[in-house]
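In the working numbering, the protein residues as written are 2 to 242.
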């Protein structure tokens with residue numbers, strides 16, 4: 002695949018993300034004015050900015066609207082997270098990115114994790130559900146494997162690596178483990194690389210890894226890349242081709 006085709010493919014995999022902790026309506030509006038004119042898979046923002054995003058003219062590109070719940074600490078009870086999901090869907094979210102209670106997983110409380118995943122899947126109904134396992138906080142390959150298996154068993158549409166709010170985001174090693182489990186699953190499950198994907202070269206390496214392990218061409222039905230500054234770099238590269 003030529004460099005241009007790879008860049009065009011990459012643009013369609015992006016979840017263009019804005020999750021600034023000090024965000025205001027004014028700064029969010031300024032960000033919208035600066036977003037490059039791509040056709041990404043989705044825009045991912047905090048729930049309080051869903052309404053503003055929906056009024057944005059560039060939404061005519063028909064990308065999905067994603068938001069985050071149980072984010073970033075993963076400390077909320079399942080019933081509260083389900084309420085967050087319901088409110089987000091009512092506010093227009095078409096995709097939910099939910100943080101797994103990974104601290105419970107680290108304590109070996111797999112039953113709690115399973116129950117949580119069941120509840121949020123029910124709350125999402127047919128809305129796309131991406132579950133963030135916070136792979137950088139999972140100490141061993143076995144824990145990453147277990148988290149991925151539980152997320153798949155729980156019915157999520159995507160396994161996502163990171164919130165981007167901890168020291169270690171996505172790594173090639175973690176991505177390889179997650180993708181290996183996904184490739185062996187008995188149903189189709191997507192993969193979202195997020196947390197520190199800052200260069201086109203890094204993003205393309207993850208795309209290649211996805212295709213090598215799953216044997217599938219990367220499309221936004223099966224792969225996403227969380228991107229903030231990266232989206233601008235992709236747009237500039239496309240313009241220079």
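C-beta atoms are modelled at their ideal positions from N, C-alpha and C, and glycine is treated no differently.
For clarity, every value in this text was computed on a predicted model and none was experimentally measured.
- Three or more beta-carbon pairs separated by less than 8 angstroms link the segment 119-139 to the segment 95-109, which places the two stretches in contact.
- Within the same chain, Cβ atoms closer than 7 angstroms to the Cβ of residue 125 are found at 86 and 97, the five residues on either side in sequence being excluded.
- With 16 or more other CB atoms across the displayed protein chains lying within 10 angstroms of its CB, residue 224 is buried.
- The closest CA to that of residue 48, considering only 71, 12, 63 and 156, is found on 71.
- In the structure shown, the three-state DSSP call for residue 213 is helix.
- Taken atom to atom, the span from the alpha-carbon of residue 37 to that of residue 236 is near 6 angstroms.
- Taking the Cα positions, residue 19 is about 18 angstroms away from residue 135.
- With a beta-carbon spacing of about 7 angstroms, residue 173 and residue 206 fall inside the 8 angstroms limit used to define contacts.
- Residue range 96-100 is occupied by the beta strand (DSSP E) that includes residue 98, with no alpha helix (DSSP H) assigned at that position.
- In terms of Cβ geometry, residue 185 and residue 210 do not form a close pair [threshold 7 angstroms].
- Counting along the chain, the unbroken beta strand (DSSP E) around residue 132 starts and ends at 129-133.
- Annotation for residue 131: 67, 96, 97, 98, 99, 157, 158, 159, 160, 161, 191, 193 and 225 place their beta carbon closer than 8 angstroms to its own, counting only its chain and skipping 5 residues before and after.
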